[in-house]
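So the protein lines, in turn, are chains A and B.
The first sequence runs contiguously to residue 898 in this note's numbering.
The second sequence runs contiguously to residue 898 in this note's numbering.
Cβ coordinates follow ideal geometry from the N, Cα and C atoms, glycine included.
Below is one structure, written out as structure tokens, with a few remarks after it.
There are 2 protein chains.
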Amino acid sequence: MGDKASNTRQRIMSTAEKIILQKGFAGTSIDEVIQHSHITKGGFFYHFKGKNDLALGLLKRYLDADDVFFNELFGRARELTEDPLQQMLVFLKLLAEAMAELKVHHPGCLVAAFTYESQQFDDDVIQMMKDGTLSWRQLFSEQLRLVEEKYQPRFETDINDLADMLSSCMEGGIILSRILKSPDALSKQVIHYRNYIRLLYGNE
Amino acid sequence: MGDKASNTRQRIMSTAEKIILQKGFAGTSIDEVIQHSHITKGGFFYHFKGKNDLALGLLKRYLDADDVFFNELFGRARELTEDPLQQMLVFLKLLAEAMAELKVHHPGCLVAAFTYESQQFDDDVIQMMKDGTLSWRQLFSEQLRLVEEKYQPRFETDINDLADMLSSCMEGGIILSRILKSPDALSKQVIHYRNYIRLLYGNE
DNA sequence: AGAAAAACTATACTCACGGTATAGTTTTTA
DNA sequence: TAAAAACTATACCGTGAGTATAGTTTTTCT
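Rendered as structure tokens:
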């Protein structure tokens, strides 16, 4: 695929993602997407087999970008400190800061958006949502496992559930920030999660 | 409105809610709702002005039921203990138990479902979503304020954000439990929130 | 430079859905 | 038992989603 095609494809996806996060997947018409992408219907179907294929492409792109983003933050955290607990806390602080920098509220999470329309999608989309969620769990729990090698938790804790809690807080925080139109709701949730980690493993 | 009409209205709403939580609002057609409600299109429009009116009715019913549910749990918690912190912890334990009793995953939260389709709705629906979310905050933060009168938090804490965190954990927990098809994910998130409260205010 | 492949445009068609309207029928209530 | 409430049955319209196909421009490769 050449540069031009790739650019067009990206443009279509960016447009579609914005609209979908506001109107839902079923509520977003292909007509609307192509109008705002300055392309014709034929052009759209050159790039995507149909709406489900678009969903698949969007989801893949979203999860890949998310993966890069989280790994970057973890990378910076590991540069800054050697202690696994401090790494986790630095990571969470950086995450909270990044979320606070969004001047408007977070645009939304595609996985969450699709969850409440799951019956619209083929199995491959559903599977990718599941895989993406599990990869978040994997990423966070890896670090938490390192923490547990060195620190004793104040309560007996399932690492996977604790890793999932960060996803929960973010998904919930995004929803709250959108409903309440308060851009800082999300970063405050991350900070609370961070405080929980501090209390659970720290010796303060 | 007589009993029969009320029953029919409730039947339509229950059917609609189930479908909407699976397919999204835009993805749910009135035709499908009336088929599964054993009613005709005329009958539907006798009860609801249109689709937005249905959304409004669903949301109101959902929020009212939620309010009753939470207040019941708080009531029981206050019967069982006098200490505000213990009341909060008992409440959260009862909440976690109730969520664990769902043999399948939680059917879903209408507010969250509508959030990712918010541009589909009239202002009255959006306003009701906001009011509902704020009433949850109100309910939880009231109890947390009582806790703070007696106990010192380990970190400086904004009560409203901490109250919102329970909503976040539940919204996020519902999403996770649906994606991962693991019914117990939600109750585990509530338990983690409870542990956070224990660590934050308890003297253990 | 020119052919082949890629990246599109233009157009048209079908079907489902939301919403409306109207006339008639059954059930409940006063 | 009459009026009001709660429906059924049917038909219609405009919009738009999704699909298909044939033709045209642009890029790429040799």
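What span of residues does the alpha helix (DSSP H) with residue i cover, start to end?
i	result
H886 (chain A)	879-895
L860 (chain B)	853-873
E726 (chain A)	724-731
A720 (chain B)	From DSSP, A720 (chain B) is part of no alpha helix (DSSP H); its letter is neither H nor E.
F742 (chain A)	Taken as a continuous stretch (DSSP letters only), F742 (chain A) belongs to no alpha helix (DSSP H), as it is neither H nor E.
Can you tell me the Cα-Cα spacing of residue i and residue j, whole angstroms?
i	j	result
L726 (chain B)	K717 (chain B)	In the sequence under discussion, the amino acid at residue 726 (chain B) is Glu, which differs from the Leu named in the question. Roughly 11 angstroms separates the two Cα atoms.
G923 (chain A)	P801 (chain A)	Absent from the model: residue 923 (chain A). The displayed extent of chain A is 695 to 898, so no value can be given.
R772 (chain A)	K844 (chain B)	40 angstroms
A879 (chain B)	C863 (chain A)	13 angstroms
E776 (chain A)	A806 (chain B)	39 angstroms
T709 (chain A)	L783 (chain A)	35 angstroms
E795 (chain A)	G736 (chain B)	51 angstroms
V762 (chain B)	L789 (chain B)	13 angstroms
Q814 (chain A)	Q780 (chain B)	44 angstroms
E865 (chain A)	S861 (chain B)	11 angstroms
L838 (chain B)	K787 (chain B)	15 angstroms
E811 (chain B)	E711 (chain B)	15 angstroms
K875 (chain B)	H799 (chain B)	7 angstroms
F719 (chain B)	F808 (chain B)	7 angstroms
R877 (chain B)	G721 (chain B)	Residue identity check: residue 877 (chain B) is Pro in the sequence provided, not Arg. Taking the straight line joining both Cα atoms gives about 25 angstroms.
I674 (chain B)	F739 (chain A)	Outside the displayed span of chain B (695 to 898) sits residue 674 (chain B), for which this structure offers no information.
L840 (chain B)	I820 (chain B)	31 angstroms
S700 (chain B)	H741 (chain B)	9 angstroms
L893 (chain B)	Y887 (chain B)	10 angstroms
E791 (chain A)	K797 (chain A)	12 angstroms
F764 (chain B)	E850 (chain A)	27 angstroms
N746 (chain B)	E766 (chain A)	43 angstroms
W830 (chain A)	L753 (chain B)	31 angstroms
E842 (chain A)	I853 (chain B)	29 angstroms
K824 (chain B)	D818 (chain B)	10 angstroms
L828 (chain B)	C803 (chain B)	15 angstroms
P847 (chain A)	I891 (chain A)	9 angstroms
P778 (chain B)	L748 (chain B)	39 angstroms
I724 (chain A)	I724 (chain B)	21 angstroms
If you count every other CB in all the chains shown that lies within 10 Å of the CB of residue i, and 16 or more means buried, which is it?
i	result
L774 (chain A)	exposed
S731 (chain A)	buried
D858 (chain A)	buried
Y895 (chain B)	buried
K882 (chain B)	buried
S871 (chain B)	buried
Q704 (chain B)	exposed
T734 (chain B)	exposed
G769 (chain A)	exposed
D909 (chain A)	The requested residue 909 (chain A) does not occur in the structure, where chain A is confined to residues 695 to 898.
G751 (chain B)	buried
D855 (chain B)	buried
Y756 (chain A)	buried
N889 (chain A)	buried
A759 (chain B)	exposed
S835 (chain A)	buried
Requested in this report: Return the chain-ordered ranges of every alpha helix (DSSP H) run that is complete within the region 777-838 of chain A and spans a minimum of 4 residues.
Outcome: If you keep only unbroken alpha helix (DSSP H) runs of at least 4 residues inside the region 777-838 of chain A, you get 778-795, 804-809.
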